[in-house]
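Chains as they are written, first to last, in my numbering: chain A, 6 to 339; chain B, 4 to 347; chain C, 257 to 577.
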């Protein structure tokens with residue numbers, strides 16, 4: 006188990022190295038380079054030269070790259086052009102909001118998606134099957150930001166059931182402990198703050214859950230259909246086992262293995278969705294921040310975010326692999 | 004009264020999607036006597052496996068039509084199971100579930116795919132003990148270890164914790180047999196139990212099956228295409244062709260006097276070491292797809308050397324041209340030769 | 257007693273009875289069989305119908321559009337800042353957009369642009385991805401130890417690309433190349449490259465282990481020939497399915513890029529994604545202005561998705577029945 010972890014972490018190194026080269030080249034290829042990003046497009050040549058000297062951009066490329074790499078290795082992702090704060094600090098400040106949102110979305114997707122996919126497969130061709138399959142196809146085809154707009158327009162603006170933006174209402178007095186607004190309320194006993202944060206979470210989480218939900222429904226359905234045709238399910242039936250045992254122990258336990266992998270991979274793509282979702286709901290997490298960075302051409306933030314996501318992605322895959330090896334005995338052996 | 008009496012069993016798969024329906028089993032009748040080994044022999048596609056699944060109630064409920072009857076003498080009842088003879092085809096799903104694994108059990112062809120890969124062997128054995136015998140916890144594990152020991156798996160307590168992929172092919176089939184005999188069923192159906200195994204392992208598994216049915220008085224319905232298995236194990240043999248029994252006799256009688264041209268050809272197509280050098284093999288030409296519907300005549304006619312117009316005038320009846328206990332479905336039974344003469 | 261039949265008459269009767277039984281559809285090829293299943297699939301039919309309508313719009317749209325895409329004929333009637341918009345009316349069946357242009361005309365003209373973005377992006381991903389995947393797959397199946405190394409390196413790189421959120425990758429590319437339609441198409445296309453590459457490679461690896469490849473090898477067929485005539489043709493079906501599905505994702509991703517302000521700024525070439533991202537600012541006052549282009553995107557994407565999924569099912573032998 007430990008060897009697996011170490012091996013996976015070592016595999017991370019070439020990936021991140023390659024990525025750093027790409028990002029470095031990308032930064033250098035940007036129109037005007039970092040200097041004009043800092044000074045704006047109307048900077049004089051003298052100013053640009055000064056900044057280039059200041060940033061060490063007049064030195065040979067490989068020295069620049071080495072410096073870039075050293076910074077990243079120290080988790081120094083640079084300074085945001087827009088806010089003047091270290092990118093790393095900006096991220097850690099906003100990270101809890103996005104994690105909260107992503108966790109809520111994945112929870113919705115799994116809790117709704119797995120049973121839906123399972124029952125769709127059990128009654129293949131029935132109304133539930135047809136509805137959930139066409140629903141999930143539709144879910145994939147709706148642009149996330151448009152879904153966000155529609156949900157916000159209907160449930161927040163028109164019906165007023167949920168708040169339309171932000172993480173917390175202004176009037177709420179909440180103590181910040183972990184940065185996770187819902188959790189903080191529970192920890193400090195300010196349950197009204199928890200409830201308020203939860204209500205703020207509903208619409209963005211549903212929006213963000215739409216694609217993972219669609220994927221999980223179809224994945225579970227396909228997987229269950231495949232397992233239902235396996236010989237060992239027939240064996241279980243031949244033993245006269247109660248149908249609850251056949252379903253739980255023999256069908257679901259096998260059918261959920263590929264779904265677990267899918268959930269892991271979806272978590273990565275969730276962050277893309279978060280950029281769109283958070284910006285519609287002004288959610289104040291990393292997603293909103295990235296949206297502003299894109300608008301303001303805040304390249305250090307984008308570079309930092311990409312490195313950040315790449316690490317996260319590999320870590321999530323590691324967790325998925327570990328989870329897999331706990332559930333699937335065939336993986337454990339080698 | 005026989006233990007199991009199958010009478011005019013039909014299984015039809017409805018086509019769907021514009022395909023014509025397929026009649027996989029077309030009026031199969033045979034009997035299994037208590038405590039004896041009965042063979043169901045035929046090439047792939049003749050309906051032997053579908054017959055077994057129909058008896059077990061394991062065919063899908065949708066898209067499959069069943070007809071005829073299969074009466075099993077369940078024997079003494081219990082808190083789960085009623086006593087006396089029941090028609091397996093007439094039972095509801097719940098009642099069938101109670102019978103499966105306890106009174107009638109089945110072993111499948113591919114032991115690896117027939118075991119759940121992510122559940123330890125132990126759980127897969129104890130779950131049947133818990134279901135039909137109410138055993139749980141330590142007593143169930145003890146009994147499971149005893150079962151594995153009985154089917155010849157060494158170090159059974161350790162094996163209980165292992166997963167199917169950690170066992171060899173022969174061990175897996177032994178584990179499946181242990182599950183099948185866990186509740187001392189009255190009837191054990193073995194569907195090609197040795198096809199996926201090495202020859203040396205095949206013999207061991209057959210030996211084990213023989214031992215177990217002898218000890219327990221369990222009747223064994225052996226489904227196979229392997230005439231070697233039939234010769235070594237079965238006391239009564241039913242030869243299936245295109246979904247119908249074409250010949251039924253005791254083992255010695257059948258091997259000495261195969262009377263249906265199909266059975267005759269089947270025995271004749273086995274290579275023999277004592278045949279003269281240069282003597283060609285005697286294959287049956289064509290495949291099982293070259294056939295006509297039984298209601299039009301003999302399904303075997305297109306592959307038969309002896310067919311004539313009489314064979315194409317409706318389904319041939321079962322006759323007893325040679326002995327009262329030797330039934331043959333043929334208009335022109337092969338009466339004047341023995342298998343030896345055919346190959347000579 | 258009937259007179260005995262001649263041998264020929266007997267054989268004829270037998271053949272007649274065998275034919276009457278019917279049933280066994282022998283060895284229909286994978287593609288013939290798949291096409292037969294596809295024609296019977298409701299999903300495929302709906303998808304194909306949607307695509308047909310979309311293609312028709314893309315072809316004739318710009319000719320039948322009653323007004324030009326930039327004609328701000330009714331500029332004086334629309335005041336976005338005051339929340340005053342013009343809905344459907346005779347002459348402007350879908351109403352006016354925020355600059356007083358005919359929404360229907362822009363939708364009709366936009367269909368072609370949308371199709372262009374989808375097709376070009378998909379082709380970039382397909383061509384480059386399939387090339388990379390084919391090289392990697394060929395190297396892995398028949399290239400020996402050196403080939404395995406090539407394969408490992410290539411797959412590491414695609415892994416890296418997959419690790420990036422697609423949107424961010426597209427944003428990065430757009431940042432270098434500036435804001436234009438070409439940028440959007442390249443950005444969306446590049447994101448698809450690793451998907452196609454992995455798919456084709458995986459499919460080829462699966463085929464490479466089959467017995468028929470072993471048979472060809474043992475017959476002394478040259479490796480390049482095996483790859484080109486045996487492995488590749490048998491590996492392309494998932495790629496074709498993915499290409500169909502990619503048309504849908506490309507159109508949706510392009511819309512997302514437009515929303516992030518990276519779309520085509522040229523007002524003379526309306527594209528549904530750009531129209532949607534411009535209209536969404538007025539969603540609270542004039543929701544229909546967003547709904548029209550959004551519906552266009554959703555329905556079109558759905559058409560390609562339905563057809564792609566139906567093809568996947570038709571080609572998957574395990575799902576046959």
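Each residue gets a CB set at the ideal place from its N, CA and C atoms; glycine is no exception.
**Message:** Going by C-alpha to C-alpha distance, which of B/138, B/47, B/247 and B/240 sits closest to residue 1 of chain B?
**Reply:** Only positions 4 to 347 of chain B appear in this structure, which leaves residue 1 of chain B out of reach.
**Item:** Backbone CA spacing between residue 368 of chain C and residue 497 of chain C [nearest angstrom]
**Value:** Rounded to the nearest angstrom, the two C-alpha atoms are 23 Å apart.
**Asked** Anyone know if the C-beta pair for residue 262 of chain B and residue 163 of chain B falls short of 8 Å?
**Response** Not in contact: residue 262 of chain B and residue 163 of chain B (Cβ atoms no closer than 8 Å).
**Item:** Chain-ordered chain B contacts of residue 274 of chain C [CB-CB under 8 Å]
**Value:** By Cβ distance, chain B contributes 293, 294, 295 and 305.
**Asked** Among all the DSSP beta bridges, which residues are the ones paired with residue 194 of chain B?
**Response** Residue 194 of chain B is bridged to B/226.
**Start-to-end residues for the beta strand (DSSP E) that takes in residue 158 of chain A** = Neither: residue 158 of chain A is in no beta strand (DSSP E) and is coded neither H nor E.
**Asked** Going by DSSP, what residues sit across from residue 131 of chain B in a beta bridge?
**Response** As DSSP reads the structure, residue 131 of chain B sits in no beta bridge.
**Request:** Return the CA-CA distance between residue 292 of chain B and residue 208 of chain B, expressed in angstroms with no decimal places.
**Result:** For residue 292 of chain B and residue 208 of chain B, the distance between alpha carbons rounds to 32 Å.
**Request:** List the residues of chain C whose Cβ lies closer than 9 Å to the Cβ of residue 318 of chain A, in chain order.
**Result:** Those within 9 Å of residue 318 of chain A in chain C are 418, 419, 420 and 421.
**Alpha-carbon to alpha-carbon, residue 299 of chain B and residue 270 of chain A** = Going by the C-alpha atoms only, they are around 59 Å apart.
**Request:** Compute the Euclidean distance between the alpha carbons of residue 92 of chain A and residue 309 of chain A, then round it to the nearest angstrom.
**Result:** The alpha-carbon atoms of residue 92 of chain A and residue 309 of chain A are separated by roughly 7 Å.
**Prompt:** In whole angstroms, what is the alpha-carbon distance linking residue 272 of chain C and residue 42 of chain B?
**Reply:** One C-alpha to the other measures close to 34 Å.
**Rounded straight-line distance, which links the Cα of residue 282 of chain A to that of residue 552 of chain C** = Their Cα atoms are separated by approximately 21 Å.
**Request:** Taking residue 227 of chain B as the reference, give the member of B/30, B/325 and B/198 with the closest Cα.
**Result:** Relative to residue 227 of chain B, the option among B/30, B/325 and B/198 whose CA is nearest is B/198.
**Message:** Could you check whether the Cβ of residue 516 of chain C sits closer than 7 Å to any heavy atom belonging to the ligand ADP?
**Reply:** No copy of the ligand ADP appears in this structure; indeed no ligand is present at all.
**Message:** Check whether the region 143-160 of chain A and the region 192-202 of chain A touch, using three or more Cβ-Cβ pairs below 8 Å as the test.
**Reply:** Counting Cβ pairs under 8 Å, fewer than three are found: no touch.
**Request:** Please list the residues of the region 224-247 of chain B that have a C-beta atom closer than 8 Å to any C-beta atom in chain A, keeping them in chain order.
**Result:** For the region 224-247 of chain B, the beta-carbon criterion of a distance under 8 Å to any beta-carbon of chain A is satisfied by none of its residues.
**Prompt:** Under a CB-based cut-off of 8 Å, is residue 120 of chain B close to chain A?
**Reply:** With 8 Å as the cut-off, residue 120 of chain B counts as an interface residue toward chain A.
**Request:** Measuring alpha carbon to alpha carbon, tell me which of C/558, C/536, C/555 and C/562 ends up nearest residue 354 of chain C.
**Result:** Comparing C-alpha distances from residue 354 of chain C to each of C/558, C/536, C/555 and C/562 shows the shortest one belongs to C/536.
**Request:** Go through its chain and collect everything with a Cβ distance to residue 212 of chain A's Cβ below 7 Å, but skip five positions before and after it.
**Result:** Hits under 7 Å: 149, 152, 153, 156 and 282.
**Item:** Identity of the residues DSSP links to residue 109 of chain B by a beta bridge
**Value:** According to DSSP, residue 109 of chain B bridges with B/192.
**Request:** Report the option in B/87, B/45 and B/136 whose CA atom is closest to the CA atom of residue 266 of chain B.
**Result:** If we check each option's Cα against that of residue 266 of chain B, B/45 comes out closest.
**Asked** Is the region 305-313 of chain C touching the region 555-562 of chain C, taking contact as three or more C-beta pairs under 8 Å?
**Response** The answer is yes - the region 555-562 of chain C touches the region 305-313 of chain C, with three or more Cβ pairs under 8 Å.
**Item:** Straight-line Cα distance separating residue 106 of chain A from residue 178 of chain A
**Value:** Approximately 21 Å between the Cα atoms of the pair.
**Asked** Quick one: what's residue 348 of chain C bridged to in DSSP?
**Response** Answer is C/345, bridged to residue 348 of chain C.
**Request:** Indicate the three-state DSSP secondary structure (helix, strand or coil) for residue 281 of chain C in the structure shown.
**Result:** Reliability of the predicted coordinates at residue 281 of chain C is poor, the pLDDT of 48 falling under 50, and no value is obtained from them.
**Request:** Can you grab the Cα-Cα spacing for the pair residue 222 of chain A / residue 137 of chain A, in whole Å?
**Result:** Near 7 Å, if we compare the C-alpha coordinates of residue 137 of chain A and residue 222 of chain A.
**Asked** In chain order, which continuous runs of the beta strand (DSSP E) of length 3 or greater are located wholly inside the region 156-211 of chain B?
**Response** If one requires a minimum length of 3 residues, the beta strand (DSSP E) runs lying completely within the region 156-211 of chain B are 190-194, in chain order.
**Asked** Measuring CB to CB, does residue 381 of chain C end up less than 8 Å from residue 451 of chain C?
**Response** Closer than 8 Å, so yes.
**Same chain, Cβ closer than 6 Å to residue 309 of chain B, five either side skipped, listed in chain order** = Result list for residue 309 of chain B: 264 and 335, in chain order.
**Prompt:** Around the C-beta of residue 264 of chain A, are 16 or more other C-beta atoms found within 10 angstroms, so that it is buried, or is it exposed?
**Reply:** Flag for residue 264 of chain A reads buried.
**Asked** How would you label residue 520 of chain C, buried or exposed, when you count the other beta carbons within 10 angstroms and need 16 or more for buried?
**Response** With 16 or more Cβ atoms within 10 Å of its Cβ, residue 520 of chain C is classed as buried.
**Message:** Using only the alpha-carbon positions, how far apart do residue 508 of chain C and residue 17 of chain B sit?
**Reply:** Computed Cα separation, rounded: 42 Å.
**Asked** Do you know offhand how far residue 95 of chain A's Cα is from residue 414 of chain C's?
**Response** Computed Cα separation, rounded: 30 Å.
**Request:** Evaluate residue 176 of chain B with the Cβ neighbour count: other Cβ atoms within 10 Å of its Cβ, from every protein chain shown; 16 or more gives buried, anything less gives exposed.
**Result:** By the neighbour-count criterion, in which 16 or more other beta carbons inside 10 Å mark a residue as buried, residue 176 of chain B falls on the buried side.
**Message:** Am I right that residue 122 of chain B and residue 254 of chain A are in contact with their C-beta atoms under 8 Å? What's the rounded C-beta distance?
**Reply:** With a beta-carbon spacing of about 6 Å, residue 122 of chain B and residue 254 of chain A fall inside the 8 Å limit used to define contacts.
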